[in-house]
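These protein sequence lines are chains A, B and C, in that order. Okay, so the first sequence: first residue is 1 according to my numbering, each after it adds one. Okay, so the second sequence: first residue is 1 according to my numbering, each after it adds one. Okay, so the third sequence: first residue is 1 according to my numbering, each after it adds one. Beta carbons: idealized from backbone N, C-alpha and C, even for Gly. Presented below is the structure to which this report refers.
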Amino acid sequence: MDRFRMLFQHLQSSSESVMNGICLLLAAVTVKIYSSLDFNCPCLERYNALYGLGLLLTPPLALFLCGLLVNRQSVLMVEEWRRPAGHRRKDLGIIRYMCSSVLQRALAAPLVWILLALLDGKCFVCAFSNSVDPEKFLDFANMTPRQVQLFLAKVPCKEDELVKNSPARKAVSRYLRCLSQAIGWSITLLVIVVAFLARCLRPCFDQTVFLQRRYWSNYMDLEQKLFDETCCEHARDFAHRCVLHFFANMQSELRALGLRRDPAGGI
Amino acid sequence: MDRFRMLFQHLQSSSESVMNGICLLLAAVTVKIYSSLDFNCPCLERYNALYGLGLLLTPPLALFLCGLLVNRQSVLMVEEWRRPAGHRRKDLGIIRYMCSSVLQRALAAPLVWILLALLDGKCFVCAFSNSVDPEKFLDFANMTPRQVQLFLAKVPCKEDELVKNSPARKAVSRYLRCLSQAIGWSITLLVIVVAFLARCLRPCFDQTVFLQRRYWSNYMDLEQKLFDETCCEHARDFAHRCVLHFFANMQSELRALGLRRDPAGGI
Amino acid sequence: MDRFRMLFQHLQSSSESVMNGICLLLAAVTVKIYSSLDFNCPCLERYNALYGLGLLLTPPLALFLCGLLVNRQSVLMVEEWRRPAGHRRKDLGIIRYMCSSVLQRALAAPLVWILLALLDGKCFVCAFSNSVDPEKFLDFANMTPRQVQLFLAKVPCKEDELVKNSPARKAVSRYLRCLSQAIGWSITLLVIVVAFLARCLRPCFDQTVFLQRRYWSNYMDLEQKLFDETCCEHARDFAHRCVLHFFANMQSELRALGLRRDPAGGI
Chain A
1 MDRFRMLFQH LQSSSESVMN GICLLLAAVT VKIYSSLDFN CPCLERYNAL YGLGLLLTPP
61 LALFLCGLLV NRQSVLMVEE WRRPAGHRRK DLGIIRYMCS SVLQRALAAP LVWILLALLD
121 GKCFVCAFSN SVDPEKFLDF ANMTPRQVQL FLAKVPCKED ELVKNSPARK AVSRYLRCLS
181 QAIGWSITLL VIVVAFLARC LRPCFDQTVF LQRRYWSNYM DLEQKLFDET CCEHARDFAH
241 RCVLHFFANM QSELRALGLR RDPAGGI
Chain B
1 MDRFRMLFQH LQSSSESVMN GICLLLAAVT VKIYSSLDFN CPCLERYNAL YGLGLLLTPP
61 LALFLCGLLV NRQSVLMVEE WRRPAGHRRK DLGIIRYMCS SVLQRALAAP LVWILLALLD
121 GKCFVCAFSN SVDPEKFLDF ANMTPRQVQL FLAKVPCKED ELVKNSPARK AVSRYLRCLS
181 QAIGWSITLL VIVVAFLARC LRPCFDQTVF LQRRYWSNYM DLEQKLFDET CCEHARDFAH
241 RCVLHFFANM QSELRALGLR RDPAGGI
Chain C
1 MDRFRMLFQH LQSSSESVMN GICLLLAAVT VKIYSSLDFN CPCLERYNAL YGLGLLLTPP
61 LALFLCGLLV NRQSVLMVEE WRRPAGHRRK DLGIIRYMCS SVLQRALAAP LVWILLALLD
121 GKCFVCAFSN SVDPEKFLDF ANMTPRQVQL FLAKVPCKED ELVKNSPARK AVSRYLRCLS
181 QAIGWSITLL VIVVAFLARC LRPCFDQTVF LQRRYWSNYM DLEQKLFDET CCEHARDFAH
241 RCVLHFFANM QSELRALGLR RDPAGGI
């Protein structure tokens, strides 16, 4: 129990590391969800793009909002923004600092999803198989445009009768998957370059201001936790007194009614 | 034993975290139950929709009532509503706060079930395979409407002779599953957006009132726990005195009857 | 818990070993990513070289920046470079020492990727199959240059109809893979020789200066950690006093309003 309590105190004391942990957990959950997702393209001309893009973009949106939801700092930020100005001056910079730190952590899981989906390529093949330019492939020379459209809609479904063992299906699928992977790796590189610039060049500009904002953001978190704890303690103390008062009252009432004469008698 | 007791006391002291834990546990149990459920569609025209929708909606209802049952606050809320008005003013807002917090926690497990069922798609395919518009698929051109209905009823049963290895079955099944997943992801997104708005925009409106209600809701919980404990202690104390009194009485009666002469005798 | 804490303290206290651990972890992750990567060459004349070289060089670049990102020392280095000169003299040598140690650790994972890709050979075959000199192989004698180019573009795709079971495909592929492995082993040897010279011959030149720089680089790391910890402690202490002050104020206000007469009464 003591170990559990110490672990708990450790987590309580350093809120930032907790948030990083939650952020990592969410990213891991994202990988788990993606790998357990049963992706099946409808292979119907009108629905392909909708389904593919939906599965590429809806879950990241949900994960982004989840990331904001589970982060205590996002609530703290709104509270700091709306609090009545007391002795402590309101500083927009602190709110901006909290906002950026919340956004950074909330964006991790959606990015993981999008990159996984792009590197895997299934969503991309499903979404864009109808948009491929048939001119690029020699296999469509002797097909009418309507037939080509029908064929392209079936490309994501390996098992379909129409496209089974067709070299054209493999060529289109290969082309789209390799495009998807290229986009995925480009986004990865871009994200890492931006993160690198943001992290390594920041000390060149406003290190002191940054440290101050971090201090205050930590302070707000601690203040709220202490407030909650003190409230709880206050309520317990108050309830204790009320209950004791009730029992004392009851006994004095009984004594007044003459129902309790000797110390071992009824209530 | 001591560890267990301390854990118990910790859980007792912070009722909200316990409720969150129970809520998570219920959701985990839901996932476990769903994954171990052996879903098999009857594939009979009249029963398909009933079975599919039943399995989609009955367990969530049961889980919702379970969620209300295991939550202490739902009982506290009714008690607060019916208690005689004493010195402490009755506040409808507190009851409303408790009600909403109880409902939120009770809705988690049913939502998990519904989303799992929709993302998995089996229930949906079973429930709506008869309602599919045959015009959408080219494979039904040379079948009578009656045959189409019979065929559609068999769609959820992969192993059935009538539909085995039929590309039409695969197409309908693919279409329904992808519709099911789309609905599932839309509900997920909607729920998360609502939760996000409720949590992150709340501090903009009535933060003080909210904090007060949370304080009183915690207070009620603590008051009842302390009342129970004090009652228990009082009863033990009282019983102790009664039992001692009984033995004292018996000994004096025995002495009066002259049945107890030496100190090592009977009772 | 105590063990966990000791491990944690050990990791905290010796930043260099943490960095080595992270560096190893990144290399392991690299191996994992490479082995789970689904490499598929587009087999289209114009895209082959782009895709192959992209997959050979983009991930190492991303991994290199990642290696810089996760290394605390890279931020410390920029901070040391930009800090206002106080009593402690700024020494360019220390910055150079930190820079080289950061670069060494950041280069490990990219090297692992490049060596894996070269020893595996798939990327190399995909990138350079179009650049092979057809004169080297006897099989292309009776093909037009255009046909040879189309054939060479299909070499990385084993399953393609055009090249299936063709001995020419096998010959070209064998030649390219063996070239790729030769380059990979040469780079491995070169890296190991350089590392050996740097590590074993360094004590011959400037051992004292090296030890001093290492001391100061460790010092900076520890200084920052202690500063962060003290900040956190300060914030906690301050928040504690503020919250107590708030509750004290509330009780004195209540007393002033005459709402709190006896210790067991309502608020």
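- Under the three-state reduction of DSSP, which class applies to C/Arg261: helix, strand or coil? Position 261 of the third sequence holds residue 261 of chain C. Its pLDDT being 42, under 50, C/Arg261 is placed unreliably by the model, and the measurement read from it follows with that caveat. Of the three classes helix, strand and coil, the one that applies to C/Arg261 here is coil, per DSSP.
- Report the three-state DSSP secondary structure of B/His87 (helix, strand or coil). For this step, residue 87 of chain B is matched to residue 87 along the second sequence. Three-state result, B/His87: coil.
- When C/Ala27, C/Leu176, C/Asp206 are compared against C/Gly52, the one with the closest alpha-carbon: Taking the first residue of the third sequence as 1, we reach residue 52 of chain C at position 52. Of the listed residues, the one whose Cα sits closest to C/Gly52 is C/Leu176.
- Item | Cut-off 8 Å between Cβ atoms - residues of its own chain near A/Asn130, not counting five sequence neighbours on either side | The residue labelled residue 130 of chain A in the question sits at position 130 within the first sequence. Contacts found: Glu45, Asn48, Ala49, Gln149, Leu152, Ala153.
- Neighbouring residues, chain C, relative to A/Pro203 (Cβ below 7 Å): By 1-based counting over the first sequence, the position of residue 203 of chain A is 203. Within chain C, the residues near A/Pro203 are Val75, Val78, Glu79, Arg82.
- Query: For the putative contact between A/Leu63 and A/Leu26, defined by C-beta atoms under 8 Å, what is the C-beta separation to the nearest angstrom?
  - Reply: The residue labelled residue 63 of chain A in the question sits at position 63 within the first sequence. The residue labelled residue 26 of chain A in the question sits at position 26 within the first sequence. So it is a contact: roughly 7 Å between Cβ atoms.
- From the DSSP output, in three-state form, read off A/Asp228 for me. Indexing the first sequence from 1 puts residue 228 of chain A at position 228. DSSP places A/Asp228 in helix when its eight states are reduced to three.
- Item | Closer than 8 Å at the beta carbon, the chain A residues around C/Glu161 | By one-based count along the third sequence, residue 161 of chain C stands at place 161. Per Cβ cutoff of 8 Å: Pro167.
- Message: Can you find the residues in the same chain that come closer than 8 Å, C-beta to C-beta, to A/Leu107, ignoring five residues on each side of it along the sequence?
- Response: As a working mapping, residue 107 of chain A is identified with position 107 in the first sequence. Excluding residues within five positions, the ones whose Cβ falls inside 8 Å are Phe64, Gly67.
- Message: My output table needs one value for B/Ser186: the three-state DSSP class, helix, strand or coil.
- Response: Residue 186 of chain B sits at position 186 when you count from the first residue of the second sequence. Helix.
- Message: Below 9 Å on C-beta distance, what does A/Leu222 contact in chain C?
- Response: Position 222 of the first sequence holds residue 222 of chain A. Per Cβ cutoff of 9 Å: Cys232, Ala235, Arg236, Phe238, Ala239, His240.
- Query: Are the segment 95-105 of chain A and the segment 118-128 of chain A touching by the rule of at least three beta carbon pairs closer than 8 Å?
  - Reply: no
- Have a look at B/Ala182 and B/Asn20 and give me their C-alpha separation to the nearest angstrom. Within the second sequence, numbered from 1, the residue matching residue 182 of chain B stands at position 182. Within the second sequence, numbered from 1, the residue matching residue 20 of chain B stands at position 20. Cα-Cα distance, rounded: 29 Å.
- Could you list which residues in chain A have their beta carbon closer than 8 Å to that of C/Phe210, in chain order? If you number the third sequence from 1, residue 210 of chain C lands on position 210. Here the premise fails: no neighbours, minimum Cβ distance about 25 Å.
- Item | Ordered list of beta strand (DSSP E) runs contained in the segment 113-180 of chain B, each at least 3 residues | none
- DSSP on A/Asp38, reduced to helix/strand/coil? Here residue 38 of chain A refers to the residue found at position 38 when the first sequence is read from its first residue. Reduced to three states, the DSSP call for A/Asp38 is coil.
- Query: Under 8 Å between C-beta atoms, does B/Ala182 make it to chain A?
  - Reply: As a first step, residue 182 of chain B is located in the second sequence; it is residue number 182 there, counting from the start. Interface residue, yes.
- Query: Between the C-alpha atoms of C/Asp228 and B/His234, what's the straight-line distance to the nearest angstrom?
  - Reply: In the third sequence, residue 228 of chain C corresponds to position 228, counting from 1. In the second sequence, residue 234 of chain B corresponds to position 234, counting from 1. Roughly 51 Å between the two C-alpha positions.
- By how many angstroms is the C-alpha of C/Met77 removed from the C-alpha of C/Leu189? What you label residue 189 of chain C is simply residue 189 of the third sequence in a count that begins at 1. What you label residue 77 of chain C is simply residue 77 of the third sequence in a count that begins at 1. The straight-line gap from Cα to Cα measures roughly 31 Å.
- Message: Just to confirm before moving on: does the CB-CB distance between C/Val75 and A/Cys200 stay below 8 Å?
- Response: As a working mapping, residue 75 of chain C is identified with position 75 in the third sequence. As a working mapping, residue 200 of chain A is identified with position 200 in the first sequence. Yes; because the gap between Cβ atoms is below 8 Å, this pair is in contact.
- Please name the residues in the segment 240-256 of chain A whose beta-carbon is closer than 8 Å to at least one beta-carbon of chain B, in chain order. His240, Cys242, Val243, Leu244, Phe246, Phe247
- Query: In whole angstroms, what is the alpha-carbon distance linking B/His245 and B/Arg88?
  - Reply: Position 245 of the second sequence, counting from 1, holds the residue named residue 245 of chain B. Position 88 of the second sequence, counting from 1, holds the residue named residue 88 of chain B. One C-alpha to the other measures close to 40 Å.
- Query: Does the distance from the CB of B/Ala127 to the CB of B/Leu56 come in under 8 Å?
  - Reply: As a position in the second sequence, residue 127 of chain B is number 127, starting the count at 1. As a position in the second sequence, residue 56 of chain B is number 56, starting the count at 1. It is a contact, given that the beta carbons lie within the stated cut-off.
- Message: I want to see whether chain A comes within less than 8 Å of B/Ala85, judged by CB atoms only; does it?
- Response: The residue you call residue 85 of chain B lines up with position 85 of the second sequence. Taking Cβ atoms only, chain A never reaches closer than 8 Å to B/Ala85, which makes this a no.
- Message: Would A/Ala62 pass as an interface residue toward chain B - the criterion being a Cβ-Cβ separation below 8 Å?
- Response: For the purposes of this step, residue 62 of chain A is taken as residue 62 along the first sequence, with counting starting at 1. Taking Cβ atoms only, chain B reaches closer than 8 Å to A/Ala62, which makes this a yes.
- Query: Would you call the CB atoms of C/Leu138 and C/Val191 closer than 8 Å?
  - Reply: Looking up residue 138 of chain C in the third sequence gives position 138. Looking up residue 191 of chain C in the third sequence gives position 191. Their beta carbons are not under 8 Å apart, which means C/Leu138 does not touch C/Val191 by this criterion.
- Query: When you compare only the Cα positions, how much space is there between A/Gln224 and C/Tyr215?
  - Reply: The count along the first sequence starts at 1 and reaches residue 224 of chain A at position 224. The count along the third sequence starts at 1 and reaches residue 215 of chain C at position 215. Roughly 40 Å between the two C-alpha positions.
- Task: Starting from B/Leu270, trace the alpha helix (DSSP H) both ways and give me its first and last residue.
- Result: No answer is possible for residue 270 of chain B: it lies beyond the span of chain B, which begins at 1 and ends at 267.
- Answer yes or no: do B/Leu116 and B/Val31 have a C-beta to C-beta separation smaller than 8 Å? For the purposes of this step, residue 116 of chain B is identified with residue 116 of the second sequence, where counting begins at 1. For the purposes of this step, residue 31 of chain B is identified with residue 31 of the second sequence, where counting begins at 1. Yes, they are a contact pair.
- Item | Beta-carbon proximity list for A/Phe140, same chain, < 6 Å, skipping 5 on both sides | By one-based count along the first sequence, residue 140 of chain A stands at place 140. Cβ neighbours of A/Phe140 beyond the five flanking positions: Pro134, Val148.
- Query: In the structure shown, what three-state DSSP assignment does C/Asp221 receive?
  - Reply: As a first step, residue 221 of chain C must be located in the third sequence, where it is residue number 221. The answer is helix: DSSP assigns C/Asp221 an H, G or I state.
- Message: I want to see whether chain A comes within less than 8 Å of C/Asn40, judged by CB atoms only; does it?
- Response: Taking the third sequence and counting its residues from 1, the one referred to as residue 40 of chain C is at position 40. With 8 Å as the cut-off, C/Asn40 counts as an interface residue toward chain A.
- Nearest-angstrom Cα separation, counted from B/Ile114 out to B/Pro167: The residue labelled residue 167 of chain B in the question sits at position 167 within the second sequence. The residue labelled residue 114 of chain B in the question sits at position 114 within the second sequence. Their backbone Cα atoms lie some 29 Å apart in a straight line.
- Nearest residue (CA-CA) to C/Thr58, options A/Ile94, A/Val193, A/Leu37, A/Asp160: Against the third sequence, residue 58 of chain C aligns to sequence position 58. Residue A/Val193 is the option with its Cα nearest to C/Thr58.
- Task: Compare the Cα-Cα distances from B/Thr208 to each of B/Lys90, B/Phe238, B/Ile94 and report the closest residue.
- Result: Numbered from 1 along the second sequence, position 208 holds the residue referred to as residue 208 of chain B. The residue with the shortest Cα to Cα distance from B/Thr208 is B/Ile94.
- Message: Give me the chain C residues within the contact set of A/Ile192, using Cβ-Cβ distance strictly less than 8 Å, ordered along the chain.
- Response: Counted from its first residue, the first sequence places residue 192 of chain A at position 192. Those are Ala62, Leu65, Cys66, Leu69, listed as they occur along chain C.
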